[in-house]
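Its first residue numbered -5, the sequence shown is counted upward by one per residue in this note's numbering. Below is one structure, written out as structure tokens, with a few remarks after it.
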Amino acid sequence: MEILKNEAANLIKKSKYTMAFTGAGISVESGIPPFRGEHGLWNKYDPQVLDLVYFLNNPEHCWNYIREIFYDFFADAKPNDAHRVLAQMESNKLLNAVVTQNIDNLHYEAGSETVYEFHGNSKKLKCLKCGKIYDAGDIDFENIPPKCVNDGEVLKPDFIFFGEGIPPDAYADSFAAAEKAKVCIIVGSTGEVTPASYVPRTAKQAGATIIEINPEETIFTSSITDIYLKGKATEVLNQLGELLF
Ligand code: APR
């Protein structure tokens, strides 16, 4: 494994354009459960609460679960070393962009600046009628569902629900990064959700070397991964950081 980490670090140092592709696994050590796997959120909650049509027809029912999963759980989550190492890599010009599936805002809070949020961000809510944007910090989550002050419409978290399109700018920026990438570091994703999982696959097709960090093998490992670094995101990225900084 040490040889693999040294090989990964050397590739990153030489790379003209390096990106990271992160999933729920990078935030597990910040106390946010993943969606799949043994302790996955979808084992406990019905993903239907994030189905757009079901939400529009059952806003109060859905908001009760959305509040519990994304606002009670996420509320005091802080970035961990894995987020911080990626931010340090960016400031040391060793990382050009992070494409994240996560909506927890932790990459920004760790200091990363070029972050493409493929599934949006839970820290904002939006009125589906007038488009007014609210900070989650300004919402009284005791009154569910939260309503727009302009027109009384139900507010929706500004992350994408199942059945919703990917934010166009994040989509375009993510695939533009993948086309340019010489190295793509996948951290903590099963690769089971599309079109997000097409981002690292596009990088591979465009000639990037794929480094994957995950305690478990995934559908990426056997298909596109060139260097599989088995382990938790904080452990492996701290070790890579020691070789890079
Ligand atoms: N460090 C690194 N990876 C970890 C850790 C850890 N400490 N703990 C778990 N993992 C890995 C798991 O092995 C798994 O491969 O993180 C991954 C979590 O997988 P998912 O929960 O499926 O997360 P993700 O791939 O990001 O899901 C994609 O699914 O429900 C949607 O929109 C949601 O963005 C999410 C998308």
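We treat Cβ as the ideally placed atom computed from N, Cα and C, and that holds for glycine.
Burial check for Met83: the Cβ neighbour count within 10 Å reaches 16 or more, so the residue is buried. In the three-state DSSP reduction, Gly114 falls in the strand class (E or B).
Residue Asn208 holds the alpha-carbon nearest to the alpha-carbon of Ile221 among Asn208, Thr228 and Asn232. Tyr65 is the residue among Thr12, Ala14, Tyr65 and Trp57 whose C-alpha sits nearest the C-alpha of Pro27. Straight through space, the alpha carbons of Gly157 and Val187 are spaced by roughly 12 Å.
Per the coordinates, the alpha-carbon of Lys141 lies some 24 Å from the alpha-carbon of Ile160. Of the heavy atoms belonging to the ligand APR, none sits nearer than 6 Å to the Cβ of Ala164. Here DSSP, grouped into helix, strand and coil, assigns Glu206 to strand. Fully enclosed alpha helix (DSSP H) runs of no fewer than 4 residues occupy 75 to 85 and 100 to 104 of the region 54 to 126, in order along the chain.
If you look at Ala166, you'll find it in the alpha helix (DSSP H) that goes Pro162 to Lys174. Exclusion of the five residues before and after Gly105 leaves Ala81 as the residues of its chain whose Cβ lies within less than 6 Å of its Cβ. Rounded to the nearest whole angstrom, the C-alpha separation of Arg195 and Asp132 is 39 Å.
With respect to the 7 Å criterion, His77 and His101 are classified as neighbours on the basis of their beta carbons.
For Thr12, the enclosing beta strand (DSSP E) begins and ends at Thr12 to Thr16.
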